[in-house]
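Right, one structure below, let's go through it.
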């Protein structure tokens with residue numbers, strides 16, 4: 001495992017509490033199972049631990065195939081001291097309905113869970129427990145832990161399979177999500193200094209402030225990618241938090257900063273948007289290799305550079 | 001007032017409960033103060049009332065200068081039966097800390113509010129009530145109403161000034177938000193059939209599915225705007241909910257569909273992305289008129305059409 | 001034959017004198033063989049006959065696969081009263097060496113011909129008559145006619161096969177051109193009012209002044225084509241004749257002005273370069289049909305227009 | 001004088017014969033007046049002398065504000081052994097009517113000159129000598145020299161002022177050109193190895209084969225310039241001589257290959273069109289400095305390169 005050496009004395013952190021999908025994602029990182037893992041209450045505090053050197057890296061959700069980007073994560077990695085994404089993990093999103101021993105479906109009048117989980121299981125509840133009320137919790141795991149702690153605000157919780165396993169609560173129903181096939185993408189974020197090696201199937205993440213508020217600004221940015229044949233696999237706008245209409249674009253592109261075409265596009269982007277942040281180059285979870293035309297290969301960039309050098 | 005005639009027998013709805021910023025926005029629409037106004041529990045149910053003919057129009061938050069786009073609203077207007085945005089309102093976001101009579105700052109150990117409001121008042125609480133716990137509520141107004149109903153889960157709530165006025169709770173502190181100057185933009189959404197007249201300072205909202213997953217697809221879309229001189233004032237990507245990497249772009253452009261350059265760009269976009277939705281042309285809240293070059297004026301489009309007709 | 005009805009009482013004209021490749025091209029136009037054909041001394045005088053109503057149409061060379069565009073023709077059709085290209089013909093360029101009866105290769109010390117023909121037969125003369133001098137003539141046919149008239153300035157001429165046939169001069173050598181396979185493209189130019197019907201394999205010719213001297217002007221023009229999927233098959237810059245750096249682009253595109261995508265591109269171009277000239281839509285000589293993506297078809301344009309109409 | 005050191009033992013050559021505008025241009029190059037200057041009969045033979053090391057450099061016309069690009073020069077520098085443009089000179093085009101002593105206007109029935117000169121003096125002859133016939137000559141100077149040699153084919157010649165001075169023929173009329181203010185641009189072409197120093201007001205000339213025959217090929221080339229803020233001051237298409245529709249673009253851009261933005265654009269172009277030729281960076285005749293935005297400055301390129309290096 002490249003990005004998380006066992007030799008690090010520092011723990012890993014994740015968006016807690018224990019049993020969240022985020023911990024499930026963290027456990028997929030080679031070596032993570034043998035390291036200390038401490039939960040954080042939100043993305044900002046998880047990254048604060050990394051920035052202060054209290055944690056080696058933090059696992060956070062970044063994008064959900066149903067809900068879209070996770071604003072708290074996008075914003076937390078784009079501001080403050082620089083960080084680097086080291087690894088990505090994609091986890092299927094599947095929910096279970098859990099309850100303490102003895103509770104049956106007929107006993108349930110209220111269900112605790114995170115609003116997102118509630119939103120993604122509406123169909124199942126509409127059919128099986130149409131009268132159950134929703135009690136919002138800060139996470140799916142928190143709701144389950146409340147049941148263990150003996151809450152009387154609700155009789156059951158919607159959570160990830162992992163938390164059922166960890167708490168020993170009964171599973172009353174599994175795979176209750178409305179959208180079969182939904183996935184969430186997670187990123188492991190560490191300090192700068194560790195740049196994962198290129199694997200041929202990599203991803204680079206950037207935060208690019210839109211330089212000026214004029215019709216062509218976004219096209220000028222896209223042109224820097226297009227002129228080097230760099231493909232965008234994700235683009236999301238985030239407000240800068242200053243004024244309506246002032247955006248930072250959060251972008252994933254195919255390739256590694258050690259690929260000549262990506263490095264060259266980054267040079268161009270740094271000129272047109274000097275506040276741009278490099279948030280890491282790391283292996284793609286899906287191991288899919290991009291199709292690179294011959295004139296955008298490292299060899300083509302090398303020959304072009306040699307040719308211009310020969311003129312000077 | 002064009003978009004909300006008093007003569008409509010149908011009520012208006014808004015993201016409730018009463019006292020939210022959304023109701024405050026609705027009250028700014030000319031005529032709304034004299035109409036029946038009913039709260040809805042979420043964006044989907046508010047729009048369902050409009051789609052079923054139970055409400056004339058629904059007021060919903062669409063974008064916050066700190067948090068960015070409101071995914072629930074963006075998704076709810078982009079899917080299902082077609083709707084139209086009739087009006088936009090921009091409201092400053094300012095929070096108050098409220099409590100029942102007799103409660104003082106020293107009594108507060110827990111504060112109820114919506115997680116977004118809690119996130120936007122962290123600095124004030126860090127300074128004044130560093131040990132207060134957060135109890136999540138479904139809205140800022142809901143937390144205030146729980147106080148009125150006598151909850152013992154928390155002693156105070158963070159909410160909008162309007163809800164303090166409506167409930168009669170005491171204001172312990174005002175303007176406690178961390179970001180002075182933050183605003184939220186709201187839209188009033190009705191059924192198709194009512195197209196507000198152009199005013200010279202209009203906005204058009206579109207939902208454009210990205211046609212294919214290839215490097216140039218987004219540029220092909222932007223090109224349709226650029227070739228007619230149409231400026232984008234907002235662009236956000238939203239997942240289609242099917243696969244990671246499949247997006248719908250939610251876009252605001254300067255101008256009205258009755259402006260020739262906007263109509264022509266829409267024709268081009270409908271070809272390259274036939275699933276595109278027109279979500280309305282309506283007056284800008286800020287009344288700012290766009291700068292149109294002479295060759296993109298209605299007159300220029302008219303002359304060009306006449307010229308081509310003369311050839312045929 | 002659509003464009004040249006036998007019923008026209010007016011003659012045809014061509015870049016003379018008789019026997020040029022241009023006359024050969026004219027004879028390929030259906031119906032032309034039965035009409036009166038009068039030579040003109042240059043492109044400007046040929047087009048003057050058409051503009052004054054003294055000729056129905058004029059045949060002129062426009063492009064040579066070796067020499068490139070023919071500036072005199074490009075400029076003559078782009079300025080003055082408007083004209084329309086009705087037809088194009090592509091003729092292989094093959095030269096013969098002709099001389100009066102009794103003259104043999106050994107007798108030749110000087111050869112009359114047009115400088116272009118001389119340039120295109122350098123290899124043959126280098127090998128067979130290395131010491132022959134060149135006497136410039138205004139056309140290949142003029143040189144041959146001088147021989148018939150008994151000139152003593154040269155003993156042989158390089159000309160088109162047609163002129164050998166017409167004058168009865170002896171052919172001493174045939175196919176003496178250096179570039180086997182060279183072709184010249186000719187256009188038949190008439191008055192506006194006759195627009196050839198679309199055939200599915202058409203070409204449209206435009207003269208587009210570059211609107212401003214700035215980096216993006218040419219891209220702005222190309223963008224109007226690209227955003228409608230219109231392919232350029234020829235692009236040439238011509239000076240406006242006013243200052244260095246002021247250009248008119250002479251352009252051929254695939255398709256007919258009755259094709260929706262071409263008409264729409266023309267509307268866009270007329271806006272960004274109002275001085276643009278439409279020089280005709282006419283069948284391609286090579287009958288090659290363009291590949292049109294479904295979203296650039298007439299049906300797609302029609303649906304897009306209907307859709308926008310439905311919004312208004 | 002940088003580009004033509006007096007110390008070169010080799011002569012200069014120019015498109016002759018003596019007295020042409022080309023020789024006039026050559027005499028403007030600092031130092032040229034003191035060097036041996038030999039005429040060449042055409043562009044190809046002039047450049048052959050340079051390529052073989054028989055001449056230090058050749059002066060050739062490249063562009064005329066009335067006639068456009070000079071195809072023979074454009075093609076001769078774009079093919080064969082590589083050459084470099086060292087210098088450019090812009091010369092006003094003004095014609096004189098010359099004749100041997102004793103000849104008056106009334107005596108003139110035929111006028112010898114190059115067809116281009118004849119074309120550019122049509123108005124003057126239409127007014128003053130409407131019945132004079134034109135006898136074509138290979139150059140304006142050649143016609144004048146024929147008069148000196150005693151030709152009886154014509155009584156007067158149209159030529160450059162320089163040839164009148166050199167031959168001693170009488171000037172019957174001066175400034176007889178139709179277009180006052182017409183200029184011709186000339187280039188001095190030498191062997192690779194000498195790269196003129198940047199002056200801040202430079203020009204770079206390229207010959208770029210269009211990589212593929214598809215709608216976007218030309219835009220892909222222009223994009224390489226646009227993404228580095230490099231302005232095109234001239235663009236001309238020339239046929240490759242192989243098929244209709246196969247082009248080489250002859251391009252002048254603002255700036256020197258030692259300017260970072262130009263070097264970077266050349267790297268990009270070399271990838272998309274590997275057959276591209278660099279034909280030199282040299283001072284502009286008009287000494288006009290380009291407007292460079294700060295993000296396209298050498299400093300911006302340097303910072304961007306350093307920034308990417310810091311990531312690796």
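Protein chains in written order, with the UniProt record's numbering: chain V, 1 to 312; chain U, 1 to 312; chain S, 1 to 312; chain Y, 1 to 312.
Built from N, CA and C at the ideal position, the CB exists for glycine as well.
Note that the structure is predicted; figures quoted are calculated from it, not measured.
Buried or exposed: residue i, going by 16 or more other Cβ atoms within 10 Å of its Cβ?
i: residue 96(U); result: buried
i: residue 87(S); result: buried
i: residue 296(Y); result: buried
i: residue 248(S); result: buried
i: residue 312(V); result: exposed
i: residue 205(U); result: buried
i: residue 4(S); result: Confidence is the limiting factor: at residue 4(S) the pLDDT is only 47, short of 50, which leaves the residue's position unreliable, though a coordinate-based value still follows. It is buried - the Cβ of residue 4(S) has at least 16 other Cβ atoms within 10 Å.
i: residue 6(U); result: Because residue 6(U) sits at a pLDDT of 45, beneath the cut-off of 50, its placement in the model cannot be relied upon, and the point is left open.
i: residue 195(Y); result: buried
i: residue 131(Y); result: exposed
With distance defined between alpha-carbon atoms, name the residue in the options nearest to residue i.
i: residue 39(Y); options: 51(Y), 53(Y), 60(Y); result: 60(Y)
i: residue 85(U); options: 279(U), 248(U), 122(U); result: 279(U)
i: residue 240(U); options: 21(U), 125(U), 72(U), 13(U); result: 72(U)
i: residue 83(Y); options: 152(Y), 187(Y), 199(Y); result: 187(Y)
i: residue 45(V); options: 37(V), 216(V), 76(V); result: 76(V)
i: residue 89(S); options: 119(S), 18(S), 265(S), 32(S); result: 32(S)
i: residue 287(Y); options: 201(Y), 190(Y), 36(Y); result: 201(Y)
i: residue 21(S); options: 64(S), 246(S), 91(S); result: 91(S)
i: residue 119(U); options: 138(V), 118(V), 117(V); result: 138(V)
i: residue 290(V); options: 274(V), 262(V), 302(V); result: 262(V)
i: residue 81(U); options: 107(U), 52(U), 68(U), 94(U); result: 52(U)
i: residue 36(S); options: 17(S), 19(S), 13(S), 18(S); result: 13(S)
i: residue 94(Y); options: 127(Y), 128(Y), 103(Y), 24(Y); result: 24(Y)
i: residue 124(Y); options: 250(Y), 176(Y), 42(Y); result: 176(Y)
i: residue 101(Y); options: 165(Y), 174(Y), 50(Y), 170(Y); result: 170(Y)
State yes or no: is the beta carbon of residue i nearer than 8 angstroms to at least one beta carbon in chain B?
i: residue 191(S); result: Protein chains in the displayed structure are V, U, S and Y, and chain B is not among them.
If you measure between the beta carbons of residue i and residue j, is that distance less than 8 angstroms?
i: residue 276(S); j: residue 192(S); result: no
i: residue 158(U); j: residue 109(U); result: no
i: residue 360(S); j: residue 163(S); result: Residue 360(S) lies beyond the range of chain S shown here (1 to 312); nothing can be said about it.
i: residue 57(Y); j: residue 189(Y); result: yes
i: residue 234(U); j: residue 254(U); result: no
i: residue 232(Y); j: residue 222(S); result: no
i: residue 293(V); j: residue 203(V); result: no
i: residue 10(S); j: residue 48(S); result: no
i: residue 315(S); j: residue 111(S); result: Nothing about residue 315(S) can be read from this structure; chain S reaches only from 1 to 312.
i: residue 301(S); j: residue 265(S); result: no
Could you tell me if the beta carbon of residue i falls within a distance shorter than 7 angstroms of some heavy atom in the ligand FAD?
i: residue 256(U); result: Among the components modelled here there is no ligand, and therefore nothing to report on the ligand FAD.
| Residues of the region 256 to 272 of chain S whose Cβ lies closer than 7 angstroms to any Cβ of chain U, in chain order | 257, 258, 263, 266, 267, 268, 270, 271, 272
| field | the region 282 to 309 of chain Y: positions lying closer than 8 angstroms to chain V by Cβ | value | 295, 296, 300, 301, 303, 304, 305, 307, 308
| Does the region 25 to 32 of chain V come close enough to the region 139 to 150 of chain V that 3 or more CB-CB pairs lie under 8 angstroms? | no
| query | According to a CB-to-CB cut-off of less than 9 angstroms, which residues of the region 156 to 175 of chain V neighbour chain Y? | reply | none
| field | Cβ pair count under 8 angstroms reaching 3, the region 291 to 311 of chain U against the region 262 to 273 of chain S | value | yes
| query | Any contact of the region 172 to 185 of chain Y with the region 251 to 261 of chain Y, i.e. 3+ C-beta pairs under 8 angstroms? | reply | no
| task | Identify each residue in the region 220 to 251 of chain S for which the Cβ-Cβ distance to at least one residue of chain U is less than 7 angstroms, and report them in chain order. | result | 223, 224, 226, 227
| Residues from the region 118 to 139 of chain V in contact with chain U, defined by Cβ distance under 7 angstroms | 136, 138
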